[in-house]
Every structure is written in structure tokens, then in C-alpha cells.
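> Sharing a structure below in C-alpha cells format, with a few things to ask.
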Amino acid sequence: MHILFVEDDDRLQTIVIEMLAMLGHTVVMARSSERALSQFEVRRFDVLLADARLPGMSGIELAAALTQRDPDLAVLFTAGEGYLKSPPLPFPFALLAKPFYFADLRGALERLAKDRSML
48 MHILFVEDDD RLQTIVIEML AMLGHTVVMA RSSERALSQF EVRRFDVLLA
98 DARLPGMSGI ELAAALTQRD PDLAVLFTAG EGYLKSPPLP FPFALLAKPF
148 YFADLRGALE RLAKDRSML
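So the sequence shown is numbered by our numbering: it starts at 48 and just counts up by one.
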């Protein structure tokens, strides 16, 4: 899958990019929602993998903007436990609670792929 990964934590960026590469995915990294918007203008992605709590434009606001442009975009948020248990969002998403492990990421992406018929 082609994944747009948005994360502002340098350490987590490195770890997750390595995990995604081990799983055979193509990854484009953005450190902010604003950079992710720029990447989205020039490439097509299957999955948005984003920290829900990014500084500036949040991952949730980014996902809302991108799913309006591409309703087929799958959304996987990373967030601390309980962060997204508030009001429902206007688009489908999956949540990967931090901290997470390789098997958690693999399982979440497999479920997204199955749900979106990306396999």
C-alpha cells in the first residue's frame, strides 16, 4: 500500500518507517499536516497514518480535509489511550493506541486493507 505517514516525533518516525518498510509498504513521511497536504497534491495514497494530536492542524483536521478530496482514503490514527473516545468523526477511521508494537501496526493495516479491499 502507499502510505502517507504524518508524525512530529523524530524517534517514532524512524521506528514506524522501518516497520512499514519491513511490511513492504511504500511510505511518504511528513512532519506536519501542512506538509502532508502538499504531498497529497502530487501523489495518490491508500492510507493516511497520522498522529491525531499534531501541532497546528491536527491529524483529525488533516484526515477530514483529505477524505473530502479522496473518500476512498483509509485513515489510521495513532493516539494516546482514550483520545478519540469523544464525538464521532464524519469519516471512517481506525485507531492504533500508543504505545504500539510491530504486530499491532501490521494487524491494523491488514484490517484496513481487508475493509477497503486493498489486498
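Just so you know, even glycine gets a beta-carbon here, dropped at the ideal spot from N, CA and C.
Are the stretch 134-146 and the stretch 117-126 touching, with three or more C-beta to C-beta distances below 8 Å?
yes
> Which whole runs of the beta strand (DSSP E) in the stretch 95-131 are 3 residues long or more, in chain order?
121-127
> Using only the alpha-carbon positions, how far apart do P102 and K145 sit?
17 Å
> Take the Cβ of F52 as the centre, count every other Cβ of all protein chains shown within 10 Å, and call the residue buried at 16 or more, exposed below.
buried
> If you compare alpha carbons, which of F87, M66, M48, A112 is closest to L136?
Among F87, M66, M48, A112, the Cα nearest to that of L136 is on A112.
> Under 8 Å by Cβ, that's how I've got L70 and L156 pegged, so tell me the actual separation to the nearest angstrom.
Confirmed, Cβ separation roughly 7 Å.
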